[in-house]
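Trainee: Pasting a structure below so you can have a look.
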C-alpha cells in the first residue's frame, strides 16, 4: 500500500513550514537593518577616534545618535539570536541540550540588549 503514496502525501503535516517563513523574514529584515546601521555605526566610531570621554558621551547623548545606536543594538542582538537559533536547530540533536542552549541564547541576547540599551539611555539622558 505504501508504494501508492505520493511524496507530498508522505510529508504533509510534517515540519515547521509555517514558523520557518516568519523566522526567515525576521532574519532578512534584521540583516537589512544592520547593513544600513552598520555603515552609520562605523562612521560614528571613526568620527570619535581620538576623542576624549566627554566628547564621546556628548556625541552619544545627541538624540539621533542615541536612537540609531539603540536601533543598531536591537537589530544586532535580535539577528545574532536568530542566527544562533538556526545553528543550534541544525547541529544539536539532543532535545534537552537543544532546549537548554536555545533558552540560554535567548536569555543572553535579551539581557545583552537590555543592558546595552540601558547604558545608551543613561548616557543620553545624563548629557
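Numbering (the numbering used here), first residue to last: 312 to 438. From the three backbone atoms N, C-alpha and C, an ideal C-beta is built for every residue, glycine too. Here the structure is a predicted model, which is why all the values come from computation and not from measurement.
#1: In terms of residues, what are the limits of the alpha helix (DSSP H) holding residue 390?
#2: Spatial neighbours of residue 343 within its chain, please: CB distance less than 7 Å, with the 5 preceding and 5 following residues excluded, ordered by chain position.
#3: Please list the terminal residues of the continuous alpha helix (DSSP H) segment that includes residue 435.
#4: Tell me the residue span of the alpha helix (DSSP H) that contains residue 370.
#5: Can you find the residues in the same chain that come closer than 6 Å, C-beta to C-beta, to residue 395, ignoring five residues on each side of it along the sequence?
#6: What whole-angstrom Cβ distance do residue 423 and residue 383 have, given they're in contact under 8 Å?
#7: Can you tell me whether residue 359 is helix, strand or coil according to DSSP?
Mentor: Straight from the coordinates:
#1: Residue mapping note: residue 390 aligns to position 79 of the chain shown, counting from 1. Residue 390 -> alpha helix (DSSP H) spans 374-402.
#2: Along the chain shown, one-based indexing puts residue 343 at 32. Same-chain partners within the cutoff: there are none.
#3: Counted from its first residue, the chain shown places residue 435 at position 124. It spans 406-437 - the alpha helix (DSSP H) in which residue 435 sits, taken as one unbroken run.
#4: For this step, residue 370 is matched to residue 59 along the chain shown. 364-371 is the extent of the alpha helix (DSSP H) around residue 370.
#5: Numbered from 1 along the chain shown, position 84 holds the residue referred to as residue 395. Result list for residue 395: 416, in chain order.
#6: On the chain shown, position 112 is the one that residue 423 refers to. On the chain shown, position 72 is the one that residue 383 refers to. At roughly 13 Å, the Cβ-Cβ gap does not stay under 8 Å, so residue 423 and residue 383 are not in contact.
#7: Start at 1 with the first residue of the chain shown, and residue 359 comes out as number 48. The answer is coil: DSSP assigns residue 359 none of H, G, I, E or B.
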